[in-house]
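Notes to accompany the following structure.
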Amino acid sequence: MTADDPGTAPTSDAADRPDDEATGPEDEGADQGDEAPTGSDGPLAIRLEQLILGADRRYTPFQAARSAGVSMDLAARFWRAMGFADIGQVKALTEADVLALRRLAGLVEAGLLSEAMAVQVARSTGQTTARLADWQIDSFLEGLTEPADTGLTRTEITYPLVELLLPELEEFLVYVWRRQLAAATGRVVQAQDDAEMVDRRLAVGFADLVGFTRLTRRLEEEELGELVEAFETTCADLVAAHGGRLIKTLGDEVLFSADDAGIAAEIGLRLIETMTHDETMPELRVGIAFGTVTTRMGDVFGTTVNLASRLTSIAPKDTVLVDEAFAEELGRTGEAPVSEADAAAAEKAAQEGTGEAPPSYRFALQPMWQRPVRGLGVIEPWLLRRRS
């Protein structure tokens, strides 16, 4: 979908208009079918839009809804869910917009999706791709159109560059999406029951840069942007490499999850170790909790998530704090001793030949002070470290 300003959508002014008053795509001269004013859209902007969308502006929102066979009200709900603002009845939509409406409505009519679920699909897709598009324009496209590199202005080089990159980026996007869809589907079908597909037991962790607010006052905007990008990139790489999932980034904080407590523990400690050896990075603190988590639209919610956030806020710098359930899960899976005293006694017995060799633990846990946490009651944090 397109319009004069990036991200625009129809209003529902004509939702109840009788058919004999409606204007179809062929009624080029009707008031509601006026051509979209160029305004801030210069000739290059229009040409780029046509290149990217592969079609000309042809429909008003009402005409697009009518051609797709859906009500104006439902069309407006879909477009707003995708993140596009109202444009009135300007002729700014293309055949692709009609097809997208027809497909979503068809899924509802076939009973494959409820209307509410179709709106969620539109919203999640719009939010994800909007961020991706913004990043590509801000960081990628601008970097490749530096005038000094070619002797051409950014305006002169943008069109041929987009024309060259568009098919490659499109194919890559579909490839990555299919890979992610396959991985997500695999996780769901491995769930024990239907309830676990939505409410699952996961390890959830936050990693937070210490003193970020002070940094925002001291660093230049460009320096701050480079630091945040380096932090997010490092976190994303480490989380993915060790089998976790990066849920979202929040500038100075990232949220990740893992199906296994041992994986989450490794990620948390690796993050601390990596950032500690990077002199350009501030100190880091990590909090991880284990328990039931509700997943919606790629995000996670629930008490476990709130607890992980609280643990992060009270963690000393360059440390990982975990909750009691996480510590118990590491003990249950043999990743850490349930009791350091028992583990020490077992090691001594093995050395003296009076007992079997103890398991090879990866992690050690040290109980910290109990403290009340607003909304969560009294919690007992545990300090997580590698076992020497």
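Per this note's numbering, residue 7 is the first one in the sequence shown, and the count goes up by one each step.
Don't be surprised by glycine CBs; every beta carbon is placed ideally from N, CA and C.
Distance CB(residue i)-CB(residue j) smaller than 7 Å
i: A321; j: L277; result: no
i: A128; j: D103; result: no
i: A98; j: R63; result: yes
i: V234; j: K323; result: no
i: A342; j: Y367; result: yes
i: T100; j: A61; result: yes
i: R83; j: V125; result: yes
i: E330; j: E386; result: yes
i: P316; j: V245; result: Checking the sequence shown, residue 316 turns out to be Arg, not Pro. Cβ distance not < 7 Å, so R316 and V245 don't count as in contact.
i: V328; j: I253; result: no
i: E420; j: T255; result: Because residue 420 is not part of the residues shown, which for the chain are 7 to 394, the question remains open.
Proximal residues to residue i (C-beta, below 8 Å), its chain only, five neighbours per side dropped
i: T339; result: D266, A267 and G268
i: V168; result: L54, L57, I58 and L147
i: G30; result: Only weak support exists for where G30 lies, its pLDDT of 39 falling under 50; the value from the coordinates is given anyway. Result list for G30: Q69, R72 and S73, in chain order.
Cut-off 7 Å between Cβ atoms - residues of its own chain near residue i, not counting five sequence neighbours on either side
i: V326; result: G274, L275, I278, V292, I294 and L390
i: R108; result: A74 and G75
i: A314; result: V210, G211, F212, G293, I294 and A295
Contact set for residue i: own chain, Cβ-Cβ below 6 Å, skip 5 residues either direction
i: G304; result: none
i: S130; result: M303
i: G249; result: I269
i: A20; result: Bear in mind that a pLDDT of 41 at A20, under 50, signals an unreliable position, so the model cannot answer this.
Neighbour-count burial assignment, residue i, 16 or more Cβ in a 10 Å radius
i: M88; result: buried
i: S120; result: exposed
i: W183; result: exposed
i: I143; result: exposed
i: F90; result: buried
i: R206; result: buried
i: Q376; result: exposed
i: M123; result: exposed
i: V299; result: buried
i: R137; result: exposed
i: R392; result: exposed
i: W141; result: exposed
i: G383; result: exposed
i: Q372; result: exposed
i: A333; result: buried
For residue i, the nearest candidate out of the options (CA to CA)
i: A271; options: I253, G337 and F218; result: G337
i: E285; options: V245, A236, T135 and T300; result: A236
i: R251; options: S263, C241 and L244; result: S263
i: G229; options: T310, M287 and W388; result: According to the sequence as given, residue 229 is Glu; it is not Gly. Comparing Cα-Cα distances from E229 to each of T310, M287 and W388, the minimum goes to M287.
i: L261; options: V311, T66 and R223; result: V311
i: W388; options: S394, E362, I253 and S345; result: S345
i: D258; options: E227, F218, T280 and R223; result: F218
Bridge partner(s) assigned by DSSP for residue i
i: S372; result: For the record, residue 372 in the displayed sequence is Gln; it is not Ser. L389, per the DSSP bridge assignment.
i: P378; result: V384
i: A295; result: V210
i: E259; result: D214
Contact test: residue i Cβ vs the ligand NAP heavy atom, cutoff 6 Å
i: D284; result: In the structure on display, the ligand NAP does not appear, and there are no ligands present to speak of.
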